[in-house]
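Number of protein chains: 2
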Amino acid sequence: MSQLSHSEITALFLALGLLLASARLLGELARATGLPAVLGEITAGILWGPTVFGSLFPQWSAFLFPLSGGGALAFDGLITLAITLFLLVAGMEIDLSTVWRQGKVALYVALLGMFFPFAFGFMAGWWAPGLLGFQQGAHPLAFALFMATVLSISALPIIAKILMDLNIYRSDLGVVIIAAAVFNDLLGWLVFAMVLGMLGVGQMMPLGYTIGMTLVFVLLMILVMPLLLNQILPWVQAHSSWPGGILGFALSFCLLAAAFTEWIGIHAIFGSFLAGVALGDSKHLNERTRTTIEQFVSFIFAPLFFASIGLRVNFVDNFNLLLTLIILLLAMSGKILGSTLGARLGGLPLRESLGVSFGMSAQGTMGIILGVLALQFELISQEIFVSLVVMALVTSLLSGPLMQRVLRLKKARRFVNFFPPQGFILRLDSRDRWSAIHELAKLAGPLIDKTSEEITRAVYAREKMMATGIGQGVAVPHARLPGLAAPLVLVGLSPAGIDFDAPDTTTAKVIFLILAPQDDDGVQLEILADIAATFKVAEIREKVGNVNNYVEFLALVRSARGQ
Amino acid sequence: MSQLSHSEITALFLALGLLLASARLLGELARATGLPAVLGEITAGILWGPTVFGSLFPQWSAFLFPLSGGGALAFDGLITLAITLFLLVAGMEIDLSTVWRQGKVALYVALLGMFFPFAFGFMAGWWAPGLLGFQQGAHPLAFALFMATVLSISALPIIAKILMDLNIYRSDLGVVIIAAAVFNDLLGWLVFAMVLGMLGVGQMMPLGYTIGMTLVFVLLMILVMPLLLNQILPWVQAHSSWPGGILGFALSFCLLAAAFTEWIGIHAIFGSFLAGVALGDSKHLNERTRTTIEQFVSFIFAPLFFASIGLRVNFVDNFNLLLTLIILLLAMSGKILGSTLGARLGGLPLRESLGVSFGMSAQGTMGIILGVLALQFELISQEIFVSLVVMALVTSLLSGPLMQRVLRLKKARRFVNFFPPQGFILRLDSRDRWSAIHELAKLAGPLIDKTSEEITRAVYAREKMMATGIGQGVAVPHARLPGLAAPLVLVGLSPAGIDFDAPDTTTAKVIFLILAPQDDDGVQLEILADIAATFKVAEIREKVGNVNNYVEFLALVRSARGQ
């Protein structure tokens, strides 16, 4: 049995560990500055790849990320598995009923939002392939179709993430965008399957066969399979150990679907994506099982895949500004024009139509995945690949802020954003609410350049109007202060409990002092809502008594709400 | 960049999907008949390997499980990752403080339980290597040390599982066994690291270096790292998104530790095991994060690894009865003798000492993992490998029943074990408790060959003594019946709710009718406790109104308690 050598295993694990650690680290940094995490993850790969690390330390790079041999093959297998599992999760996020429910508008947005960039891409790819960096020897029709697809496909996971960040994922507008994106992606993958078929990637069967079987497979997976799974999943869960039975079933189902689509000549990820759609649609897939799969895949396998993108090419040497600008222009103009038109035809007002189109314009993940495949099959050059990655990064970057601007949205603000390390008292000395407020106000004074008396007075005034114990052991004394630039949140813990006259008669063991600017734009209410939601989680209330310092308190409250 | 070909990817995914599905299926079958799941998982691999599938369909086998080429290397990389992650989870299950807390007894059991089989194995391997199938060319001292280690190491994951099944995991006796097994495994791995070093597996550094660095690494990971992690983990969780930050950190930590131990000349799994010990010991590793890792690894990666064992050799051709019996005898006699002696010296009575020794005698997983490595490095022949796997299977099989017998334990019985498909009414017609009992009794009659009147009478009599509404929407009318061979549980749902006079004044929406034999050995109480525990889970109470049939009801209640 062929086996990896000792040094290949060493290199493989070291490479995986370094890639994962740096991808997650830069992903977190990206988030901290308000950018999508995927940007940081891709950047980590670019740093480790031939662009930076590879050109600085070519020998180390050859050891860690070998281009050939057993280590390279094992790495390729792992990354293929990673992207296949990521597509499973992306598929699971899709709610097919949403697609049908939002009906007319979503359909218009999807069709027109797809048609324009598709047409732009196809025309450019067909009539001016040189402009797009077409290289001799590639299949001209496949190339034009590929350019059309990659410019018209959207980035479902990124879009979903942006909508969640903006707090409009479940709103009518959010549902329109998601439904349109789902429809868009399904169509895009179907066209891409045809492209792969044309390239004879399968080589196992003729093109007509591939396309026919793809269509049958798609219909089977989105129409028949959800019904079957509604019978199968409860049966599996009823007759096997939990959650092993259902996890094993879901993953084998995904792997077999992936093997099938790979076999009929389109890529494995197409099968796992549809397996995800079918599984995700079943109300019988337990929420906890879903979470286990999603978390492990999203935070382990996905970062590894996105980081691996940067290992493939040198992003400096292959950067072609003109090509990148052309691709960016075609993609964004087509998508925004088409989607706006579609939303208007569907009856939305102009401003909302523009919002929808900006939402649809994020073309990150899926475009890159197609690009990776096209690069592997030598359909596109490294220059186009780099341009596609840059296009994906730029559109994903712009989408959120543009939508926010045109729809006049604000990101939901969390209390942790305004809670400095100096604003924490592990054990309040106070035994009643008035002195507790004063104790926290003394801490707040220097942080905002006010006297503690001024703060105390404002908070007392508010507290006298109505007590601020909100129950479940939490109190939220607060006030607006003139001349404050940003909100400030302080926390004091009181193991003994302090009476804040809460409706449920519990004493408060966690006391928040919330100071907001005088011209409050609603931030105070958002902070209060965030605190209430955080302490609704029983686990948080139970464990808050065990924390020993600011960092542990922060770690605990962060785990209450995924963010 | 070397990449897997289209047909290699097809074969890889197909092989993974088939292996996972069959391993989980046979694993579930094994559990259903009361055996450890790992037995079924290993059997699945033997069926797919050269023993059965490979000799029946050699061409298909060569396609699915190639012995060389890119597919084989990618598969090897994945399986190596799988076992590395499994050892991370095995390490996370270890609670170092337990080891120190149970002090004397555990230490005696560990040391003597290790010493005897180690001595037996070493003497046999050194003075009579021929008897153990020593093959020319192997390193004699390494061989003797390997036999000693493999016969003396215990199977922590299996032992933990058996103790949980017997419901004594948290009992004093259970803690002694676990603590001894942990100590045993740590020692065993240390010796095995030396064996690997002797074989020059590392080839990167001399043996003295390997042993020295191993010792330093072990001390670092079990003494220093837990303290460091208690600082680092809250910090990571406080400053990153949840649960992405902590998941990414834990997995990169594991991969880097694995790369390190592989580099210093011992296997990657040693590093991930210790990384798991260090991580698992931290109280700051959130329970949900832990669960995500454990579930994904235990139910996806572990079955793949255990199934892959059977792919390595032909278990029929290489089966040597004499060798197997010798190994079995040495392993069990040494372990049981040593552990019993240790427990007696530690002050336990004879019966409990025997129980401890039977608990320690499960030598499944770890032994096999060592065997796989030894086979790879050609230290042992295929015949010994087969004998080791059989020994592991047999000892794991015997351990539970022997312990049960000598400690006079019973497995906890669950109501689902006595709840037939015919015993379910989706919507009770009844509006009061007396007619509800009668309605369920009519259903029960034919199932146990009694008239419904007889049943009704007995249950009414009990119900009149005291109402059986236990609150939270559940009622449990019950009775003992003469001549009943086994308990019977029936369930009726009542969306409108029926008053069973519960202490919390809720009406019952789920009514259990529980019929137990006259000479009840406590099963009725166990069933009642199980029902109460199941419906303590809020999610179960919320969702029980949505089930549409028996299978969905069963699926729901199974998910309440992992089993």
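So the sequence lines, in the order shown, correspond to chains A and B. Here full-length UniProt numbering is used: the first residue of the first sequence is 1, the next is one more, and so on. Here full-length UniProt numbering is used: the first residue of the second sequence is 1, the next is one more, and so on. Beta carbons: idealized from backbone N, C-alpha and C, even for Gly. Note that the structure is a prediction, hence the values are computed from the model and not measured.
Quiz item: Can you tell me whether residue 469(A) is buried or exposed, with buried defined as 16 or more other CB within 10 angstroms of its CB?
Solution: buried
Quiz item: Of all the residues that make up the region 59-75 of chain B, which are near chain A by a beta-carbon distance shorter than 7 angstroms?
Solution: 67, 68, 69, 70, 72, 73 and 74
Exercise. Kindly indicate which three-state DSSP category residue 153(A) falls into: helix, strand or coil?
Key: coil
Self-check item: Contact set between residue 211(B) and chain A, taken where Cβ atoms lie within less than 7 angstroms
Solution: Those do not exist, as residue 211(B) stays about 17 angstroms from chain A at its closest Cβ, beyond 7 angstroms.
Self-check item: Which of helix, strand or coil DSSP assigns to residue 509(A)
Solution: strand
Exercise. Report the option in 188(B), 517(B) and 9(B) whose CA atom is closest to the CA atom of residue 450(B).
Key: 517(B)
Quiz prompt | Residue closest to residue 300(A), alpha-carbon to alpha-carbon, out of 541(B), 252(B), 478(B) and 386(B) | solution = 252(B)
Quiz item: Does DSSP put residue 309(B) in a helix, a strand or coil?
Solution: helix
Practice problem: Would you list the residues sitting across from residue 490(B) in a DSSP beta bridge? | Solution: 513(B)
Practice problem: Label residue 102(A) either buried or exposed according to how many other C-beta atoms from any shown protein chain fall within 10 Å of its C-beta, with 16 as the threshold for buried. | Solution: buried
Self-check item: Residues of the region 219-249 of chain B whose Cβ lies closer than 9 angstroms to any Cβ of chain A, in chain order
Solution: 231, 233, 234, 235, 236, 237, 238, 239, 240, 241, 242, 243, 244, 245, 246, 247, 248 and 249
Quiz item: Is the Cβ-Cβ distance between residue 448(A) and residue 391(A) less than 8 angstroms?
Solution: no
Quiz prompt | Under 8 angstroms by beta carbon: chain A residues contacting residue 258(B) | solution = 13 and 17
Exercise. Indicate the three-state DSSP secondary structure (helix, strand or coil) for residue 552(B) in the structure shown.
Key: helix
Quiz item: Leaving out five residues before and five after residue 79(B) in sequence, what residues of the same chain have Cβ atoms less than 8 angstroms from its Cβ?
Solution: 304, 305 and 308
Quiz item: Can you name the residues of chain A whose CB is closer than 7 angstroms to the CB of residue 295(B)?
Solution: 243, 247 and 292
Practice problem: For residue 71(B), count neighbouring Cβ atoms within 10 angstroms of its own Cβ and tell me buried if that reaches 16, exposed if not. | Solution: buried
Quiz item: Alpha carbon to alpha carbon, what distance is there between residue 155(A) and residue 192(A)?
Solution: 15 angstroms
Quiz item: Any beta-carbon of chain A closer than 8 angstroms to the one on residue 551(B)?
Solution: yes
Quiz prompt | Near-chain B residues of the region 83-112 of chain A (beta-carbon distance less than 9 angstroms), N- to C-terminal order | solution = 84
Quiz item: How about residue 270(A): is its C-beta nearer than 8 angstroms to some C-beta of chain B?
Solution: no
Quiz prompt | For residue 415(B) and residue 489(B), believed in contact at Cβ under 8 angstroms, the rounded distance | solution = 5 angstroms
Quiz item: Under a three-way DSSP split, which group does residue 438(B) fall into?
Solution: helix
Quiz item: Is there at least one Cβ from chain B nearer than 8 angstroms to residue 433(A)'s Cβ?
Solution: no
Exercise. Measure the C-alpha to C-alpha separation of residue 42(B) and residue 23(B) and round it to an integer number of angstroms.
Key: 7 angstroms
Self-check item: Cutoff 8 angstroms: residue 284(A) Cβ touching any chain B Cβ
Solution: yes
Practice problem: Return the chain-ordered list of same chain residues with a C-beta closer than 7 angstroms to the C-beta of residue 180(B), the five sequence neighbours on each side being excluded. | Solution: 106, 109, 110, 113 and 360
Practice problem: Compile a chain-ordered list of the residues in the UniProt domain "PTS EIIA type-2" (417-560) of chain B whose CB is closer than 7 angstroms to at least one CB of chain A. | Solution: 551, 552, 554, 555, 558 and 559
Quiz item: Across which residues does DSSP place residue 474(B) in a beta bridge pair?
Solution: 471(B) and 510(B)
Quiz prompt | Counterpart residues of residue 425(B) in DSSP-defined beta bridges | solution = 492(B)
Quiz prompt | Paired residues, beta bridge with residue 480(B) - DSSP | solution = 516(B)
Quiz prompt | Cβ-based neighbour list, residue 282(B), same chain, cut-off 7 angstroms, excluding 5 preceding and 5 following | solution = 226, 229, 230 and 233
Quiz item: Distance, Cα to Cα, residue 381(A) vs residue 5(B)?
Solution: 20 angstroms
Quiz item: Are residue 384(A) and residue 145(A) close, meaning C-beta to C-beta below 8 angstroms?
Solution: no
Practice problem: Taking all protein chains shown into account, decide if residue 339(A) is buried (16 or more other Cβ within 10 angstroms of its Cβ) or exposed. | Solution: buried
Self-check item: Partner residues on chain A for residue 263(B), Cβ-Cβ distance less than 7 angstroms
Solution: 10
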